[in-house]
Each structure stands twice: as structure tokens, then as C-alpha cells.
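Chemist: So the sequence shown is numbered by this note's numbering: it starts at 5 and just counts up by one. For glycine and all other residues, C-beta sits at the position ideal for the given N, C-alpha and C. Shown below is the structure under consideration.
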Amino acid sequence: MDLQLKGKVTLATGRSLGVSLITLDAAGQLQTVALAKGLGDLDHIATMRVLEEIAGVQVRQAGSSQG
5 MDLQLKGKVT
15 LATGRSLGVS
25 LITLDAAGQL
35 QTVALAKGLG
45 DLDHIATMRV
55 LEEIAGVQVR
65 QAGSSQG
């Protein structure tokens, strides 16, 4: 998830140019929550875990043993 820094740079650039990046901003907020929860060592799964918690569900690949 630490690679998500590019998204923050893109968001800052968009803001400086007056471009609205609503979806990227929302993703950034989810990533901030994930980092606060100590999930920074994960990739995009960290964002998914936050969404799972918000929705009160678990999304897993069929046959997956990951918990």
C-alpha cells in the first residue's frame, strides 16, 4: 500500500490544476484509514479490508483460505 503515494501526488497535481478527482480522493481517504489501522504493509487488499469493515461483510475469492 505504500506504493499508493503516486495517487497522493496525482491528487495534489490535480488540485493545483483545478481538476476534480473525486474517485481518487475517496480512495485516498480509504487508504488513510487503512494506514491508521496498521494495514500499510498490504497492497490494494488494505483498501478492500476497510470497505469490508464499513459494509459489514467479507469478500473472499472462492476457495481462499485467507482470513
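What I want to know is whether the C-beta of A38 ends up closer than 6 angstroms to one or more non-hydrogen atoms of the ligand ZN.
Modeler: Summarising the ligand content, the structure contains no ligands, and the ligand ZN is consequently not present.
Chemist: Applying the 10 Å Cβ sphere with the 16-neighbour rule, what's the burial state of V54?
Modeler: Answer is buried; the Cβ neighbour count reaches 16.
Chemist: Identify whether V62 lies in helix, strand or coil by the three-state DSSP scheme.
Modeler: For the sequence presented, residue 62 should be read as Gln rather than Val. In the structure shown, Q62 sits in coil (DSSP, three-state: anything other than H, G, I, E or B).
Chemist: Count the other C-beta atoms from every protein chain shown that fall within 10 angstroms of the C-beta of A38, then say buried if there are 16 or more, exposed otherwise.
Modeler: Label assigned to A38: buried.
Chemist: Kindly indicate which three-state DSSP category S20 falls into: helix, strand or coil?
Modeler: S20: helix per DSSP, three-state reduction.
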